[in-house]
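Presented below is the structure to which this report refers.
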Amino acid sequence: MKKVFFVIIFTILVSSPSCFANEYQKLQNLKNVEILRRPKTSTVNNRKLTKGRINSAREASMQTVNVDDFGAKADGRTDDSQAFKKAWSKACSSSQQSRILIPNKTYYINPINFTGPCKSAIKLEIRGTIEAFPDTSLYEKSQRRWIFFEKVRNFEVYGGGTINGNGQVWWKISCKVKKTKPCNDKGAPTALTFYNCTNLRVTNLRIKNPQQMHMNFQSCENVEASKLTLTAPEKSPNTDGIHVTKTRNINITNSVIKTGDDCISIVDGSRKVHATGIVCGPGHGISIGSLGKNGAMDHVSNVFVNGATISGTTNGVRIKTWQGGSGYAKNIVFENVLMHNVTNPIIIDQNYCDQDKPCQHQV
């Protein structure tokens, strides 16, 4: 008999509304705070000075590659994809470290791939707004991505800017909204995907109204995702905030996630996933899975969620597996989780079925 085995530790705090409001504000404030163990003052000062000198030296030796210099118009009509590709090619082919700059304007781009490996480290500074054209015909039927980074090492994305998927045109034709349409695996694209990337840092960004998922980390290693604000309407279908698959050693910190699906979803092949300082809701909570679909053998391990506020969601913390699958979800810790107005605070669903027709009973 195939089984999915769980080793789970929960520490859940359910508070009164007044306490919840205070704790929610504390976690909101975490977006702009980094919590560090503080050594002796002299050591801290020395480290700050040393780090400052190192960063200054790195910045001085770094070339700036501005997308405007490669023909980007930012006029609200022009497809600036080619300018973005040319800027990436310039930076990726250079042996000098590069900072690709997206100024404080609004740029429209079509589905685009940024591929490595690159000759040196790259920083992508998004000060402005990147928007998707609201036209579903621009995407290949087999393509489930909009902005796609592949095989990039030592890469940082930051800047305080916004990525807007204009997903409304996709939501209204989703099978979960349009019930007469059959559901299949070729749905709407993910707004921002990182595939097979190593030593990756994504921080201080806003992503809103994705076509489907906000962010997907797939087959990545050594990832920091912090100070993110991810937002989509409560009824928007499949708009997971952060999706983690086949990724190891990822830290998700100090982020606000408001979606129509899971705030964080952790699926097969992922291990050493840490999340702290998370504000989640609306949405479907923080989920492990789904796992084991179509009889698959799936594995998730060493997940540690410590410090989250979950409010106005369908679920709080959840593990979901399909019948007939095998594998395990082990060493899963949810700790210091504050919930308010959550329908299912803790749910382990070993008969998960997210399809049109009833799932057959399998063992």
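Heads up: the sequence shown runs through residues -21 to -1, 1 to 342, numbered per mature numbering (1 follows the signal peptide of the UniProt record, and there is no 0). All residues carry an ideal CB built from backbone N, CA and C; glycine is no exception. Nothing here was measured: the structure is a model prediction, and the numbers come from that model.
Coarse secondary structure for residue i, derived from DSSP in three states
i      : result
Val235 : strand
Ala51  : coil
Lys84  : coil
Val46  : helix
Cys97  : coil
Ser60  : helix
Ala204 : strand
Lys102 : strand
Ala111 : strand
Ser305 : strand
Ser68  : helix
Ser77  : strand
Thr300 : strand
Thr292 : strand
Arg26  : Only weak support is given to the placement of Arg26: the predicted model assigns it a pLDDT of 48, under 50, and the value that follows is read from those uncertain coordinates. Looking at Arg26 - three-state DSSP - the assignment turns out to be helix.
Gln190 : coil
Asn89  : coil
Chain-order list of residues whose beta-carbon lies under 7 Å from that of residue i (same chain, five-residue window excluded)
i      : result
Ser205 : Thr182, Thr232, Asn233, Ser234
Lys84  : Ala53, Gly107
Gly95  : Cys71, Glu129, Lys130, Val131, Arg132
Rounded separation between residue i and residue j - CA only
i           : j      : result
Ile267      : Thr322 : 18 Å
Asp277      : Gln329 : 13 Å
Lys(-20)    : Gly304 : Bear in mind that a pLDDT of 49 at Lys(-20), under 50, signals an unreliable position, so the number given afterwards is only what the model happens to contain. Straight-line Cα distance between these residues: approximately 7 Å.
Arg132      : Val46  : 21 Å
Thr218      : Gly138 : 23 Å
Ala308      : Asp241 : 18 Å
Trp149      : Gly262 : 18 Å
Ala211      : Gly239 : 6 Å
Ile105      : Ile311 : 35 Å
Ile265      : Gln334 : 21 Å
Ser74       : Gln197 : 27 Å
Gly295      : Ile91  : 35 Å
Gln190      : Val258 : 22 Å
Ser280      : Lys251 : 7 Å
residue 343 : Cys176 : Outside the shown range of the chain (-21 to 342) lies residue 343, about which nothing can therefore be said.
Thr224      : Met41  : 32 Å
Pro216      : Phe128 : 24 Å
Ile88       : Arg227 : 30 Å
Ser68       : Leu317 : 45 Å
Ser290      : His319 : 5 Å
Pro82       : Ile101 : 17 Å
Leu209      : Ile243 : 11 Å
Ala62       : Ala51  : 5 Å
Ile327      : Tyr86  : 43 Å
Ser269      : Ile298 : 7 Å
Phe134      : Asn178 : 7 Å
Ile245      : Glu200 : 14 Å
Ser77       : Leu207 : 23 Å
Lys64       : Ile325 : 45 Å
Tyr174      : Leu103 : 16 Å
Residue i classed as buried or exposed, judged by whether at least 16 other C-beta atoms fall within 10 angstroms
i      : result
Arg56  : exposed
Ile236 : buried
Gly274 : exposed
Asp59  : buried
Ser249 : buried
Asn188 : buried
Thr115 : exposed
Val136 : buried
Val156 : exposed
Lys214 : exposed
Ile152 : exposed
Lys120 : exposed
Proximal residues to residue i (C-beta, below 6 Å), its chain only, five neighbours per side dropped
i           : result
Asn195      : Thr169, Thr172, His222
Ala66       : Val44, Val46, Phe49, Ile79
Thr293      : His263, Thr322
Thr141      : Thr108, Arg185
Phe283      : His253, Val312
Met192      : Thr169, Asp219, His222
Asn230      : Glu203, His253
Ala111      : Trp125, Gly144, Asn145
Lys272      : Trp301
Cys332      : Cys338
residue 350 : Absent from the structure is residue 350, since the part of the chain shown begins at -21 and ends at 342.
Phe93       : Trp67, Phe128
Cutoff 8 Å; reference residue i; Cβ partners in own chain excluding five residues on either side
i      : result
Ser72  : Cys97, Lys98
Pro113 : Asn145, Gln147, Val148
Arg123 : Lys165, Gly166, Ala167, Pro168, Thr169, Gln191
Asp247 : Thr224, Lys225, Leu270, Ala275, Asp277, His278, Val279, Gly306
May I have a chain-ordered list of the beta strand (DSSP E) segments no shorter than 3 residues that lie completely inside the segment 113 to 186?
Runs of the beta strand (DSSP E) inside the segment 113 to 186: 124 to 129, 132 to 137, 141 to 143, 169 to 174.
Give, in chain order, every unbroken run of the beta strand (DSSP E) that is at least 3 residues long and sits entirely within the segment 309 to 337.
With a minimum length of 3 residues, the continuous beta strand (DSSP E) runs that stay inside the segment 309 to 337 are 323 to 328.
Can you list the beta strand (DSSP E) stretches of 3 or more residues lying completely in the segment 208 to 290, in chain order?
DSSP runs (the beta strand (DSSP E)) wholly in the segment 208 to 290: 221 to 224, 227 to 237, 243 to 245, 249 to 259, 265 to 270, 276 to 290.
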